[in-house]
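In what follows, a structure is listed as structure tokens, so that the remarks can point back to it.
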Amino acid sequence: LREEEAVLTEAQRSFQELLPAQNSLTQRLNTRSAEKAARWQQVEPQLRQGRSMTREQLDRLVAVEQGEARIRGQLGSIGSAFASEAQLRDLLKQRLLVLQSHITTAIDQLENRCND
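Sequential numbering from 5 applies to the sequence shown in my numbering.
This is the structure we're talking about:
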């Protein structure tokens, strides 16, 4: 039972360590998205006029897009880790409940024997 509780505690600790990383990445993603929107606003009028983007404008948009994709990938990995941690936690809680039930049953059986 102690081993199960220790594993559950470790899973919760790991889960808590991921939260700041997720928050930081979400902020970075929001910043990148805002930057991308601003860059598109800069080039959209010239594109509507039939002019093409400069190489520098295109490179900046590509860089922002690639950065955004990397951050989304990292957030996806953290999301998977959260799902795994949650599954582990649920499994361990179920196992703890089963162990608790067995212990309670064993105690009841011992009490019944003593009372007989």
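All C-beta atoms, glycine included, are put in the ideal place defined by N, C-alpha and C.
Remember, it's a predicted structure, so these values are computed and weren't measured experimentally.
In chain order, what residues of the same chain lie with their CB nearer than 7 Å to the CB of residue i, ignoring the 5 residues before and after it?
i	result
A25	I82
Run through DSSP, which three-state label would residue i get?
i	result
G54	coil
D120	coil
If you drop the 5 nearest sequence neighbours on each side, which residues of the same chain put their C-beta closer than 6 Å to that of residue i?
i	result
F19	E89
L65	R43
M57	V47
Of the choices the options, whose alpha-carbon is the least far from that of residue i?
i	options	result
S9	R64, G77, Q70, L100	As written in the sequence, residue 9 is Glu, which differs from the Ser given in the question. Ranking the options by Cα distance to E9, first place goes to L100.
V11	L96, L114, V68, S105	L96
T30	I75, Q104, A87, Q46	I75
F86	L22, D94, R6, D63	L22
If you measure between the beta carbons of residue i and residue j, is that distance less than 9 Å?
i	j	result
L92	A15	yes
S37	E60	no
L79	L51	no
E39	V68	yes
Counting only the same chain and skipping the five closest in sequence on each side, list residues whose C-beta sits under 8 Å from that of residue i.
i	result
D112	none
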